[in-house]
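Counting in this note's numbering, the sequence shown runs from -1 upward without gaps. Every residue gets a Cβ at the ideal spot worked out from N, C-alpha and C, and that includes glycine. The structure displayed is predicted, hence computed values, not measured ones. The structure under discussion appears below in the form of structure tokens.
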Amino acid sequence: MTRAVYVAAGEAGSNKGTVALGLVELLSRQVGTVGVFRPVVRAGREDALINTIRSRFQLALPYEAYAGVTYDEVHADVERAAGDVVARYRALAGKCDAVVVVGTDYTDVGAPTEFGFNARLAADLGTPVINVVSARGRTVSQVAAAVELSSRELAHHHAHELAVVISRAAAEPPVIAHGTPVFVLPETPSLRAPTVADLLDACDGRFFLGERDGLGREASTLMVGAMSLPGILERYTEGTAVIIPSDRAAALLPGLIAAHTSPGFPALSAVVVTGGTNLPVPVDRLLHGMAIPLPVIATDHDTFDTATRLSAVEGRFTPEAGGKIDTALRLFAEHVDGRLLLDRLAITKTDVVTPLMFEYELLDRARARRRHIVLPEGEEPRILRAADVLLRRGVAELTLLGDEKRIRVQAAQLGLDLDDAKVLSPFDAELRERFAREYAEVRAHRGMTVELARDTVTDVSYFGTLMVHTGMAEGMVSGAAHTTAHTIRPAFEILRLGLVSSVFFMCLADRVLVYGDCAVNPDPTAGQLADIAIASARTAALFGVDPRIAMLSYSTGASGAGADVDKVRTATDLVRERRPDLQVEGPIQYDAAVDPSVALTKMPGSQVAGRATVFVVPDLNTGNNLYKAVQRSAGAVAVGPVLQGLRKPVNDLSRGATVADIVTTVAVTAAQVHDEPFSHGEEMLETAEHR
């Protein structure tokens, strides 16, 4: 049965998009397929919130599946439109486990009756309502009255109120006594600030020059550049979008671009050129030949018209507004009791585990503990973008290594908020001396001296690892700009407990499997294979995967012989001897390990065959090819490699890592700190150890 919830607001500017985003994320952790439905959309243009949610949560259906009727259709025949809404909702609900319905935007239906219209639709759809009430400009008694009035309206139309969300609350949040749960979201200015994409849309603009990634930046203020360049430079502030006429662009644009990249000036969010872009040919050629690290927009409207249009723009969610989305999701997670809402919706967690569900599980756990992670590659743009996401989502406390001035300037130019990140230089005199003594002590058996160590510890990988070793950080993630060897060698030297190995979490469409070791040990012995299997089982349980170990080989059971298969057979016996509590089978072929029908033929009666979750490969050649083949052919999401066998967690990134990869790896690293299992993984681990 599909579960659904309707998000309705009594007026425009209520921040109901924040509630909708938060609900989609909340439900995505619990069920396999979540949809979003807008009962009424504007004609002639796609709805930005639908596209934002489709993009952010990787919804599979086409845009049209998530849209109901248009405002024009409501005006033409409200009864017929309501019927069409119900039919289109049911068509979507039949393809989803849960649906978030987001009500109208007070742009066209008609404000006096619009909330009643949404209440009626909610009743027709049979969906409970989250009633969003804005506190902006209202006293506590006025907010209470607005809540009471909208609740009565819902009851009048026979719609069930699930909860109330009071949005845009002042520093002192209103306390409202009410029959259903009440949650309060504080006013957050960055959610109201328009992005550069919003400005482009509002002035009928077009992208002219610069960095397209900057379209998602927030424009904190507007400024009309009607004065000389020195006057503009004296007056603009961080995040300003400067509006300049095209006949002055040749004189002003190079200077504004230079100021944006200069450490001595605030970073701009954008430059908007009005009246077209008829630049002199030499200037046009100069600008198009430059690396311009901010977006420049052109519009055919004049300066006054453009300024009027842009000053009326309020922020909205678009697929490009990553920072705004992350802020909204954190706001919802911090101020709304998701567990209570799920209980009231009677939604229980499915046995299916999608890649998105696994990712959110990681982020949830990391957010709950706020571990301190060091990122040695602090001047790498992808690391900076990932740090912005991690801080906005409250996933971890971060230290970036590098030159602080350079990092802060680069972050400002990229439109990132890294105020909460610490920045340390690996050449800090006091820490350099302290770490040199620590490293010399750890490596004294190799002839290391303090004098030699002083140079070694300024390497960012060594410096970051020593931060973890000394407790200044709890984990480290690196490798976006360095080789694997460069990243993990210091960890092997300083943090090694025993055999260091790795696993990949292979996130398939409906489950998560664990593959080890596909990245570290080229040709492990039988004893090392047993160590890898035991370590991989523990890592699996730590992340909520019930460990059933398949020791892979080219034959199953006693059907084959030879050195390679004998190694796997010996390793399996060693696992059983060392950990009789673990479920393990080997040697076993991959098809017999994963396919129940094959298992019945090749290994009937086995507890592991056909339902294995942890796959231990005999060597690196097999493992590396296996995980890449599954990743490409089955469309699996590979998370890792996650290192095992270290006293404290250090994890390596691919040099091709995306921002999303970095965010996930930091969350994994945070989850490894102190080896604390997920709430449902803890039970599995305890059972595995005493089975």
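With DSSP collapsed to three states, give me the class of Asp386. In the structure shown, Asp386 adopts helical secondary structure according to DSSP, grouped into three states.
Nearest-angstrom Cα distance between Val393 and His154? Taking the CA atoms as reference points, Val393 sits about 42 Å from His154.
Helix or strand or just coil, what does DSSP make of Leu580? In the structure shown, Leu580 sits in coil (DSSP, three-state: anything other than H, G, I, E or B).
With a 10 Å radius around its C-beta and 16 neighbouring C-beta atoms as the bar for buried, classify Leu24 as buried or exposed. Burial of Leu24 is indicated by the presence of at least 16 other C-beta atoms within 10 angstroms of its C-beta.
Among Asp426, Ala669, Met355, Val582, which one has its Cα closest to the Cα of Val635? Ranked by how close their Cα comes to the Cα of Val635, the residues Asp426, Ala669, Met355, Val582 have Met355 in first place.
Looking at the unbroken beta strand (DSSP E) that takes in Leu495, where does it start and where does it end? Secondary structure note for Leu495: its beta strand (DSSP E) is the uninterrupted segment 494 to 505.
Would you call the stretch 616 to 630 and the stretch 443 to 459 in contact, with 3 or more CB pairs under 8 Å? Not touching, per the Cβ criterion.
May I ask you to verify whether the stretch 622 to 634 touches the stretch 533 to 546, counting CB pairs closer than 8 Å and requiring at least 3? The stretch 622 to 634 is not in contact with the stretch 533 to 546.
Looking at the secondary structure, which residues open and close the alpha helix (DSSP H) in which Arg233 lies? Start and end: 227 to 233.
Mind checking whether Leu580 and Asp529 have CB atoms under 8 Å apart? Contact: no.
Per DSSP, Thr447 is paired with what? Beta-bridge partners assigned by DSSP to Thr447: none are found.
CA-to-CA distance, Gln526 to Leu412, given in whole angstroms: Approximately 46 Å, taken between the alpha carbons.
Between the Cα of Leu277 and the Cα atoms of His467, Ile290, Ala249, Ser226, which residue gives the shortest distance? Comparing C-alpha distances from Leu277 to each of His467, Ile290, Ala249, Ser226 shows the shortest one belongs to Ala249.
Taking 6 Å as the limit between beta carbons, can you name the residues of its chain near Asn49, skipping five residues before and five after? Correct list, in chain order: Pro317.
What does Lys420 pair with, by DSSP beta-bridge criteria? According to DSSP, Lys420 bridges with Thr397.
Could you tell me if Val518 is buried or exposed, where buried requires 16 or more neighbouring beta carbons within 10 angstroms of its beta carbon? Val518 should be labelled buried.
Out of curiosity, what's the CA-to-CA distance linking Gly336 and Val648? Taking the straight line joining both Cα atoms gives about 31 Å.
Hey, out of Pro261, Thr570, Ile547, whose CA is closest to Gln605's CA? The option with the nearest alpha carbon to Gln605 is Ile547.
Count the other CB atoms, across all protein chains shown, that sit within 10 Å of the CB of Pro280; report buried if there are 16 or more and exposed otherwise. Pro280 comes out exposed.
Can you tell me which of Phe502, Met221, Ala326, Gly124 puts its alpha carbon nearest to the alpha carbon of Lys14? Of all alpha-carbon atoms in Phe502, Met221, Ala326, Gly124, the one lying nearest the alpha-carbon of Lys14 is that of Ala326.
Report buried or exposed for Val141, applying the criterion of at least 16 other Cβ atoms within 10 angstroms of its Cβ. It counts as buried.
Given 8 Å, three or more beta-carbon pairs between the stretch 118 to 138 and the stretch 156 to 164: As far as the Cβ criterion goes, the stretch 118 to 138 touches the stretch 156 to 164, which means the pair count is three or higher.
Tell me whether the beta-carbon of Ala117 lies closer than 8 Å to the beta-carbon of Glu151. For Ala117 and Glu151, yes; Cβs fall inside 8 Å.
For Gly321 and Thr16, the rounded distance between their alpha carbons: So the alpha carbons of these two residues sit roughly 13 Å apart.
Would the beta-carbon of Phe205 fall within 8 Å of that of Leu197? Against a cut-off of 8 Å, the Cβ pair of Leu197 and Phe205 comes out as no contact.
With DSSP run on the structure shown, which of helix, strand or coil describes Asp673? Its pLDDT being 48, under 50, Asp673 is placed unreliably by the model, and nothing is read from it.
Report the three-state DSSP secondary structure of Pro110 (helix, strand or coil). Confidence is the limiting factor: at Pro110 the pLDDT is only 48, short of 50, which leaves the residue's position unreliable and the question unanswerable from this model.
Would Ala669 and Arg363 be called neighbours here (beta carbons separated by less than 8 Å)? Yes, these two residues count as a Cβ contact at 8 Å.
Measure the Cβ-Cβ separation of Met474 and Pro374 and say whether it is below 8 Å. A contact, by the Cβ cut-off of 8 Å.
Taking Gly253 as part of the alpha helix (DSSP H), name the residues at either end of that continuous run. Where Gly253 is concerned, the enclosing alpha helix (DSSP H) starts and stops at 244 to 259.
Is the beta carbon of Leu721 less than 8 Å from the beta carbon of Arg383? The displayed coordinates of the chain run from -1 to 689. Any statement about residue 721 would go beyond what the structure contains.
Within 10 Å of its beta-carbon, does Lys600 have 16 or more other beta-carbons around it, so buried, or fewer, so exposed? By the neighbour-count rule (16 or more Cβ atoms within 10 Å), Lys600 is buried.
Out of curiosity, what's the CA-to-CA distance linking Val311 and Gly542? Whole-angstrom Cα-Cα distance: 45 Å.
Using C-beta distances below 8 Å, list every residue in its chain close to Val145, excluding the 5 sequence neighbours before and after it, in chain order. Cβ neighbours of Val145 within its own chain (closer than 8 Å, five residues either side excluded): Asn129, Val131, Val162, Ile164, Ile174, His176, Val180.
So what does Ala636 bridge to, in DSSP terms? According to DSSP, which records beta bridges pairwise, Ala636 is partnered with Met504.
Do Met225 and Tyr234 have their C-beta atoms within less than 8 Å of each other? The criterion of a C-beta distance shorter than 8 Å is not satisfied by Met225 and Tyr234.
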